[in-house]
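A.B. asks: Sequences listed follow chains A and B, in order.
Positions 1 to 469 (this note's numbering) are the ones given, in order, by the first sequence.
Positions 1001 to 1389 (this note's numbering) are the ones given, in order, by the second sequence.
Just so it is clear, CB atoms sit at the ideal spot from N, CA and C, and this is done for glycine as well.
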Amino acid sequence: MIAATRVSGEVVPARAQMAATLGFHIILACLGIALPTIVLIAEFIGLRRPDQVAMVLARRWSQAMGVLVAVGAVTGTVLSFEMGLLWPGLMRKYGAVLGLPFGVEGLFFFLEAIFTAIYLYGWRRLGGWAHWWTGVPIALSGIFGAMSVIAVNAWMNQPGGFTVSHGRIVSVDPWQVFFNHAAIYEMPHMILAAYMVSGFTVAGVYAAGILRGRRDRYHYTGFALGFVPAAILTPFQIFVGDTAARDIAQDQPVKFASMEYVQRTSSHVPEWLAGVYANGHIYGGLKIPDVDSLLVGFSPGTKVIGWDTVPAADRPPVAWLIHLCFDAMVGIGFLLLLAGLWALWGWWRHRSLPRQRLFWLLGALSGLAAIVAMEAGWVVTEVGRQPWVVYRLQTTTQAATTNGGVITSLSIVLVLYAVLGIATVLILRALARRWRRGGVPETGVPYGPQPEIPDARGTRGTSPGRART
Amino acid sequence: MIAAAAVGGILLATVTLYGILGGADFGGGLWDLLAGGDRRGHAPRRLIDESITPVWEANHVWLVFALVIFWTAFPVAFASVMTTAALPLWLAVGGIVLRGAGFAFRKEVSGLGMQRAFGAVFAFSSLLTPFFMGTVIGAVAAGQIPANASHASLAAWTNPTSLLIGFLFVGACGYLAAVYLIGEAARRGDRRLQGYFTRRAQAAGAATGALSLATLLELHGPAAALQHNLTGRGLSLVILAGLTGLAVLALLAAGRPRGIRVLAALGVAAVVWGWGVAQYPALLPGTAVTLSNAGAPHSTLVALVVLFAAVVALIGPSFWLLFALHGRQLLQGGEGLIAPAGGRTGAGSPARPRRSSGRAGRAGRASRIVAIGLIAAGAVARARGGRSR
């Protein structure tokens, strides 16, 4: 009994820590998945046309990628450890099942790490197209690695592919674990999200520069290389998301009910835009009759399952958070679609990007908006699955560690990640400043490693680099 | 049973590879820490940095892969280890984050103060991380992990055996790094640094050997069986480890660095496998948990063997490519070291998509083959996935 109360005491900080570390890492994961593709597009244009500006952008983005990949690699490792340190109950019971997609992910993580190293540090001595090709495995393994990790999350939403006898898992079908029902929509949804986050983030950086008056070909090219792929993918993302929502209404009706405030199973269910649910009432918000039924089954008479079908203990704890996050995600998706259409219209009418300041403001915010939408989506899928960690099979409480002191690790993690995040952003900004000043890095500091560029400071005869040319 | 033993071997192989590859990267941080002031430590720090930079992330993946194999194949034991040794594992995780971030940031910051700060973070965490990892392995080897742990234990990893193994890990990392760095220095024709790291390799080698012996003698109580087996069926590996260590020290004394890297790596691998052979088939010594009853069903184990075969087939050549390019010094100077605009350096000049030649061309072709292979594998996976539904 005492053990039980202690267990539930650690669930909340454990969930908070998982949310914080995953929420941080997922941004870097998105950049890890999709940024290489954008860099490769830039290098392709640079080699093919040839275009000096695109080439400079590709090289500079590679340098930024070096920092991001390092931070992403270590924060990803934290998550691997946390699977056992925070959720030993989950691993003890289901490690043999959900470990398999993680193993496949490990394979692609290897390829990604190896070819990232070759690509990033091969700029100078692997010339031309050979260098370009060393980047292709990074982009591909990013996609396959993402599929593998998403397979695990999707499996937690739609567990299957294993048989249990006397409380022990006796056989596992890896294919059914990997391609479970939720994986079919979660995989494209997340991979598209990664491309949108990366593309809009790159675009946002250069849109901000253009807003500050740096209206040159360098900035317009940087903006377009990020914005165009992301904007093209946005309508596909909206289609995939819409399909996913319909599947969730079937597969995980209680999660869907929380997303859309479906309190009772019925037909002619209204659609709520915004609004806060508390104590059985929805405050604020816009109610549109019949639309939720229409979205789920293409007819106002469609019956939608409400959260009244399960006892209160089996419902997610904060319906308002899930609903508002869902609305935020969808709203931002349409806002980004609008930005893309605006650019398309400008291109169609004037063969140029729109000149209006509002468009560039939208562009500058698009990266942040895409990140917010992606995080909101994760809140929907993770909080919406509560109280389960493995849907209908294991509760989060059963999965959590029985060790005390998670509050301590949570506090340390929050401080450490805040410092890490701030340092990453500051270093990227410092890089950008250095590039603007003329590109030659400030090197030759005696403490740090010294590059070959001759420098007055610190080069004290002893420098061993002379052997190389 | 065969499948469980095979996966146990795979787990030990990944741990070995992490040890001899990733461990050396930690050891590099250790020598960075001990390199002294800005001026005195400049040359060794630079060699360390250039040696680690392109490879540490790929080497680090062995750790992630070992973790995944551990929890997939032996979930019950995994949960017990993670629960019992939670504190040193948290400290090791913190060290991993600080090491990686400190290393990556140091490269990109300008100004001596910031470089010093991030360099210190990198170097200190390179010391602490292997130590805490070692204490966790020590807790397992010393039989301090219960079969079904529900709470953390301080005594499990602060007993003399665990602490000794923690120090042994630090020593081994330093030993490997120093030996590898001798080779790096030799390849650059830098005799001064070659001598510098030779002295350090000798010191670290002697310390590591002494720590190994001390650990062997310290094993008693629940670990008595381990000691018995190390001097029994594991004896040949123990002797091999000792011989390689002596051979490395002899070659260093003679000033002939050829082959010492392989010998040093072999020595560390022999220690790891000696531990594995001595412990077999127990997974958590002192309990009834063995390789075959630690949780995973047969189909999972078979899938892991297949997966590892795929890793060997795909990752082996990729690592070979990485190390070959690094060894020929083709991976030096990312974008950070070049003046970009107007620079007419190699790949940067978009003048003409030249036919890439020689080694660079081979790298491109190899990458192309991997890329095409990945696309094919993805197509097959999708097709099979589609059928199985």
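1. I want to verify the contact list: residues of chain B whose CB lies under 9 angstroms from the CB of Thr116 (chain A), in sequence order.
2. Classify His166 (chain A) as helix, strand or coil using the three-state DSSP reduction.
3. Please classify Leu393 (chain A): does DSSP put it in a helix, a strand, or coil?
4. Figure out for me which residue from A:Trp132, A:Gln252 and A:Ala203 has the closest Cα to the Cα of Pro387 (chain A).
5. If you scan the stretch 1266-1321 of chain B from start to end, which runs of the alpha helix (DSSP H) of 4 or more residues do you find wholly inside it?
6. Distance check for Gly103 (chain A) and Phe1065 (chain B), CA to CA, integer angstroms please.
7. Quick one: grab the DSSP three-state call for Tyr277 (chain A).
8. Ignoring anything shorter than 4 residues, give me the alpha helix (DSSP H) runs that lie fully in the stretch 354-425 of chain A, in order along the chain.
9. From the DSSP secondary-structure annotation, give me the bridge partner or partners of Trp272 (chain A).
10. Pull up the DSSP beta-bridge partners for Val304 (chain A), would you.
11. Quick check: the stretch 1022-1042 of chain B against the stretch 1170-1182 of chain B, are at least 3 beta-carbon pairs closer than 8 angstroms?
12. For a minimum of 4 consecutive residues, which ranges assigned as the alpha helix (DSSP H) are wholly contained in the stretch 167-247 of chain A?
13. Return the chain-ordered list of same chain residues with a C-beta closer than 7 angstroms to the C-beta of Asp327 (chain A), the five sequence neighbours on each side being excluded.
14. Interface residues of chain B around Met91 (chain A) at Cβ under 8 angstroms?
15. Which residue's Cα is closest to the Cα of Val205 (chain A): A:Gly301, A:Gly367 and A:Leu335?
16. In chain A, which residues lie less than 7 angstroms from His1151 (chain B) when you measure between Cβ atoms?
17. At the level of alpha carbons, what is the spacing between Ala182 (chain A) and Gly161 (chain A)?
18. Could you tell me whether any Cβ in chain D is nearer than 7 angstroms to the Cβ of Arg125 (chain A)?
19. Report the residue ranges of all alpha helix (DSSP H) runs contained in full by the stretch 1063-1144 of chain B; include only those spanning at least 4 residues, in chain order.
20. Return the residue from the list A:Gly128, A:Gln356 and A:Glu375 that minimises the CA-CA distance to Ala59 (chain A).
21. List the endpoints of the continuous alpha helix (DSSP H) containing Ile1020 (chain B).
22. Using a C-beta cutoff of 7 angstroms, does Phe1105 (chain B) count as contacting chain A?
23. Give a yes or no on whether the minimum CB-CB distance between Val1370 (chain B) and chain A is below 7 angstroms.
24. May I have the straight-line CA-CA distance separating Ala1204 (chain B) from Val149 (chain A), to the nearest angstrom?
25. Would you mind telling me which residues of chain A sit closer than 7 angstroms to Leu1330 (chain B), beta carbon to beta carbon, in chain order?
26. Indicate whether at least one CB of chain B lies closer than 7 angstroms to the CB of Pro270 (chain A).
27. Shorter than 7 angstroms from the beta carbon of Glu1108 (chain B) to some beta carbon of chain A?
28. Find the nearest neighbour of Ile191 (chain A) within the set A:Ala230, A:Asn157 and A:Val202, judged by alpha-carbon distance.
29. Closer than 7 angstroms by beta-carbon distance: list the chain B residues that pair up with Pro174 (chain A), in chain order.
30. CA-CA distance, Leu1235 (chain B) and Ala1264 (chain B)?
31. Hey, does Val1020 (chain B) have any beta-carbon neighbour from chain A nearer than 7 angstroms?
32. For the stretch 139-165 of chain A, which residues have a beta carbon sitting closer than 7 angstroms to at least one beta carbon of chain B?
33. To the nearest angstrom, how far is it from the Cα of Leu1017 (chain B) to the Cα of Gly1094 (chain B)?
34. Got a sec: is the Cβ-Cβ distance from Ile26 (chain A) to anything in chain B below 7 angstroms?
35. Say whether chain B places a C-beta atom closer than 7 angstroms to the C-beta of Val202 (chain A).
C.D. replies: So, from the data block:
1. Ordered by position in chain B, the residues that pass the 9 angstroms Cβ test against Thr116 (chain A) are Glu1057 and Ala1058.
2. DSSP, reduced to helix, strand and coil, places His166 (chain A) outside both helices and strands of the structure shown, so it counts as coil.
3. Here DSSP, grouped into helix, strand and coil, assigns Leu393 (chain A) to coil.
4. The residue with the shortest Cα to Cα distance from Pro387 (chain A) is A:Gln252.
5. Residue ranges of uninterrupted alpha helix (DSSP H) with 4 or more members are absent from the stretch 1266-1321 of chain B; none lies entirely inside it.
6. Those two C-alpha atoms are separated by around 7 angstroms.
7. Correct three-state label for Tyr277 (chain A): strand.
8. Complete alpha helix (DSSP H) runs here, min 4: 357-383 and 396-399.
9. Per DSSP, A:Lys287.
10. Per DSSP, A:Ser266.
11. A contact between stretches requires three or more CB pairs, one per stretch, nearer than 8 angstroms, and the stretch 1170-1182 of chain B meets this requirement with the stretch 1022-1042 of chain B.
12. DSSP runs (the alpha helix (DSSP H)) wholly in the stretch 167-247 of chain A: 174-178 and 183-211.
13. So the qualifying residues of the chain are Leu273 and Ala274.
14. What Met91 (chain A) touches in chain B: Trp1071, Pro1075, Phe1078, Ala1079 and Met1082.
15. Considering only A:Gly301, A:Gly367 and A:Leu335, the residue with the shortest C-alpha distance to Val205 (chain A) is A:Gly367.
16. Residues of chain A passing the Cβ test: Thr402 and Asn403.
17. Near 13 angstroms, if we compare the C-alpha coordinates of Gly161 (chain A) and Ala182 (chain A).
18. Among the protein chains in the structure shown, which are A and B, there is no chain D.
19. Unbroken alpha helix (DSSP H) stretches of 4 residues or longer found wholly inside the stretch 1063-1144 of chain B: 1075-1084, 1086-1108 and 1112-1141, given in chain order.
20. According to the sequence displayed, residue 59 (chain A) carries Arg and not Ala. Residue A:Gly128 is the option with its Cα nearest to Arg59 (chain A).
21. In the DSSP assignment, Ile1020 (chain B) falls outside any alpha helix (DSSP H), carrying neither H nor E.
22. So, interface residue.
23. Answer yes: the Cβ-Cβ gap between Val1370 (chain B) and chain A drops below 7 angstroms somewhere.
24. Spanning the alpha carbons of Ala1204 (chain B) and Val149 (chain A) requires a straight line of approximately 40 angstroms.
25. Annotation: Cβ neighbours of Leu1330 (chain B) in chain A (cutoff 7 angstroms, chain order): Gly122, Arg125 and Leu126.
26. Not one chain B Cβ lies under 7 angstroms of Pro270 (chain A).
27. Chain A contact via Cβ: present.
28. Looking at the Cα atoms, A:Ala230 is the closest of the given residues.
29. Within chain B, the residues near Pro174 (chain A) are Ala1303.
30. Roughly 18 angstroms between the two C-alpha positions.
31. Sequence check: residue 1020 (chain B) is Ile here, not Val. It does not: the Cβ of Ile1020 (chain B) has no partner Cβ on chain A nearer than 7 angstroms.
32. Within the stretch 139-165 of chain A, the residues whose Cβ lies closer than 7 angstroms to some Cβ of chain B are Leu140, Ser141 and Phe144, listed in chain order.
33. Across the structure, Leu1017 (chain B) and Gly1094 (chain B) are spaced so that their CA atoms are roughly 22 angstroms apart.
34. No, because no Cβ of chain B sits closer than 7 angstroms to the Cβ of Ile26 (chain A).
35. Not one chain B Cβ lies under 7 angstroms of Val202 (chain A).
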